[in-house]
Amino acid sequence: MYTIDLSEKTALVTGVANKRSLAWAIALELAEAGARIILTYAGERVREGVEELAAEIPGTEIFECDVSRDESIDQAFEKIGKTAPQLDYFVHSIAFAQRDDLEGKFIDTSRDGFRLALDISSYSMVALARRVVPMMPAGGSMVSLSYIAAQRAVPNYNVMGTAKAALEQMTRQLAFELGPENIRVNCISAGPLNTLSARGIAGFTGILKHYEGRAPLGRNISHKEVGTVGLFLLSDLASGITGETLFVDAGYHTVL
Ligand code: NAD
Ligand code: IMJ
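Residue numbers for the sequence shown, in this note's numbering: 24 to 279.
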């Protein structure tokens, strides 16, 4: 029988806000495979919800980590280092841009809006990876979350597309640098899913319908399908894959 046994492994998962978060979908699959889970969350606004979720996976610890502040990142890693000297897996599932910048025209993006979107959604990957690497002396694996708008122009996604293009390039650059340390770095480009980050996006229901009509599988993907690919890419099943952006979109990106 073929099984994925992660019972000796520890995973650091960022970006859980609620039960719909893609980070949570990945954490659930990792836990199902036996991994110990450490969650970080953005701040007070989501703390209670994340505490309740963490209680669903025995042994899961949670720490605040606001990636916009170096002090918050440093404090989080000080605490993480005390509870888990070694990490095997790291999940980056964080994105943020000003709402105005996801509604107006891309050409109107302000310097501050551009800076904020790329700071939270892209720079945070390298900032966190830098702290994670010393905790992976025996090697490890990292995954982040992207969207097709990194590679195509998508209405309203605007500066977030710029941020995702950076994130996908960073996947290759980090994979190149960390390969010799036996650390793999990959990215999942997910199809649209109903999460907090998709809520209130103009025409989101229409986007789901559009994907259903175009994707070879004739449907949208599920949260669990992102979770299982996260598990696959992090695990040794994907030991030959690094620097890759893998679409989990029911094949949408393959057709015109
Ligand atoms: P989500 O809102 O549940 O997750 C986004 C997370 O980013 C939240 O947990 C939020 O707290 C966190 N975050 C924002 N600012 C932060 C900060 N300063 N410090 C720390 N954390 C911060 O929504 P999601 O859809 O699960 O998004 C997760 C990832 O998946 C994002 O990178 C998103 O771009 C990507 N993605 C989402 C979709 C989709 O349709 N939902 C599709 C493709 C990719
Ligand atoms: C987001 C904006 C525009 C179009 C969009 C999205 N489409 C999809 C998303 C078509 C699928 C969701 N997505 C992939 C994201 O990465 C969302 C990121 C995001 C969402 C918000 C909403 C609330 C807010 N800031 C945000 N920053 C980033 O204030």
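Quick reminder that beta carbons are idealized off the backbone N, C-alpha and C, glycines included.
- A check of alpha carbon separations from residue 228 across 216, 96, 100 identifies 216 as the nearest.
- Among the bridge pairs identified by DSSP, residue 113 is matched with 35, 165.
- Sequence-distant partners of residue 35 (beyond 5 residues in either direction) whose C-beta falls short of 6 Å from its own C-beta, in its chain, are 61, 110, 113.
- Only residues of its own chain outside the window of five on either side were considered, and among them 43, 44, 45 have a CB closer than 7 Å to the CB of residue 218, listed in chain order.
- Residue 221 sits exposed, since fewer than 16 C-beta atoms from the chains shown fall within 10 Å of its C-beta.
- Secondary structure note for residue 61: its beta strand (DSSP E) is the uninterrupted segment 59 to 64.
- Secondary structure at residue 155: helix, using DSSP grouped into helix, strand and coil.
- In terms of side-chain proximity, the C-beta atom of residue 275 is found no nearer than 7 Å to any non-hydrogen atom of the ligand IMJ.
- A direct Cα-Cα distance of roughly 31 Å separates residue 199 from residue 135.
- When secondary structure is reduced to three states using DSSP, residue 138 falls in the helix class.
- Pairing residue 245 with residue 268, the inter-Cα distance amounts to about 18 Å.
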